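Chains as they are written, first to last, in the numbering used here: chain A, 237 to 330; chain B, 237 to 330; chain C, 237 to 330; chain D, 237 to 330.
All C-beta atoms, glycine included, are put in the ideal place defined by N, C-alpha and C.
These figures come from a predicted structure and were not determined experimentally.
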């Protein structure tokens, strides 16, 4: 089970909200809303996505890395940490 | 009319695709997908959102700023540029 | 002359401060400072760099784009705006 | 000792290089270099800073989190992971 499984309902709720915000962007474009207002809403959606990502990352390190360390499996720790760092790099650069 | 109105259909299509990607994230979480794979998909959605934002920003400067400059309205140029810079700041920090 | 030339002293002062902050990072690493405190200082340097970039971008659009528009040179406006948007894309993704 | 201590020389070298790049920015501004070229150099410095940060973060998780987990100290794991996630949040938003 992934580290986030206890909070699945919360992530599902937040992602449904983000989905609604993206539909809101579609309406804004359809209604010729001023560009800056659309850009402001895009930043809000990006921030919401980032906070979902940070939550998943936190739980990944908290569970997967810690479990591998407790199991005394340094190779697995290395693999999981390398994956997490690469995921952070993508987040920082997306 | 906003600077992007000529490309409304393209923006609508891209935003519908992003909406579908967010629904994809919901399925991934619901199916207990490995955290790193969910994070990778979130970065993809963020990148897609950013490229929509960059397109809107480009057209905002290309039309709104240039029109105000051609109209010889420095106060309006200042206002629009300040808005665009603030929008970029939010993008960089979201 | 570039759009920022009136504010050269201010940019020079801010960049010297950032240079000092980077030397501060070197000292922190040399003195085995706790990783999280070094990361906090790196974020502060990144934010300072970003605000210099946003200032330069604002003045680029305010002067170069507006001047080309006033000069009735749509091809030059297109070129300068495309350059500015590409610069924003690099900022967002750096 | 922090997780990065084995690589201190490498981090020192990279930070000295970044310091040199920031001095290069000062020269560009002093010589009235075209705004877009200065912005391009700022993005290069930001990327270099981010890769130093990602290295420190990787080693923080690899050592501090894994050590606390091996020591069977869940409270310490929680504290260190929360700190790391907050550091990532600052990186993503700087």
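Query: Whether or not the segment 302–315 of chain C and the segment 238–255 of chain D are in contact is what I'm after, with contact meaning three or more pairs of Cβ atoms, one per stretch, closer than 8 angstroms; do they touch?; Result: no
Query: Are there 16 or more other CB atoms within 10 angstroms of the CB of residue 319 of chain A, so buried, or fewer, so exposed?; Result: buried
Query: Can you tell me whether residue 294 of chain A is buried or exposed, with buried defined as 16 or more other CB within 10 angstroms of its CB?; Result: buried
Query: Using 8 angstroms as the threshold, is the segment 260–271 of chain B in touch with the segment 258–273 of chain A, meaning 3 or more CB pairs across them?; Result: no
Query: Could you pull the start and end residues of the alpha helix (DSSP H) that residue 271 of chain B belongs to?; Result: 271–295
Query: Would residue 278 of chain D and residue 289 of chain C qualify as a contact pair, given that the criterion is a beta-carbon distance under 8 angstroms?; Result: yes
Query: Using 8 angstroms as the limit for Cβ to Cβ distance, is residue 276 of chain A near chain D?; Result: no
Query: Return the first residue and the last residue of the alpha helix (DSSP H) that residue 310 of chain C is part of.; Result: 310–329
Query: Output, in chain order, the set of chain B residues within a Cβ distance shorter than 8 angstroms of residue 333 of chain A.; Result: Since the displayed chain A opens at 237 and closes at 330, residue 333 of chain A lies outside it and no answer follows.
Query: Applying a beta-carbon distance threshold of less than 8 angstroms, which residues of chain B neighbour residue 285 of chain C?; Result: Under the 8 angstroms cutoff, chain B gives no residues; its nearest Cβ is about 10 angstroms from residue 285 of chain C.
Query: How would you label residue 287 of chain D, buried or exposed, when you count the other beta carbons within 10 angstroms and need 16 or more for buried?; Result: exposed
Query: CB-CB under 8 angstroms to residue 284 of chain A, same chain, minus the five flanking residues each way: which ones, in chain order?; Result: 250, 253, 254 and 257
Query: Could you confirm whether any beta carbon from chain C is found closer than 8 angstroms to the beta carbon of residue 269 of chain B?; Result: no
Query: Taking the C-alpha atoms as reference points, what is the distance between residue 313 of chain A and residue 326 of chain A?; Result: 20 angstroms
Query: Does any residue of chain B have a CB that is nearer than 8 angstroms to the CB of residue 292 of chain C?; Result: no
Query: Write down the C-beta distance between residue 269 of chain A and residue 323 of chain B rounded to the nearest angstrom, noting that I regard them as a contact closer than 8 angstroms.; Result: Contact flag wrong, Cβ pair sits at about 13 angstroms.
Query: For residue 237 of chain A, which option in A:303, A:274 and A:280 has the closest C-alpha, if you only look at C-alpha atoms?; Result: A:303
Query: The alpha helix (DSSP H) that contains residue 266 of chain B, what's its start and end?; Result: 244–266
Query: Is residue 307 of chain A helix, strand or coil by DSSP?; Result: coil
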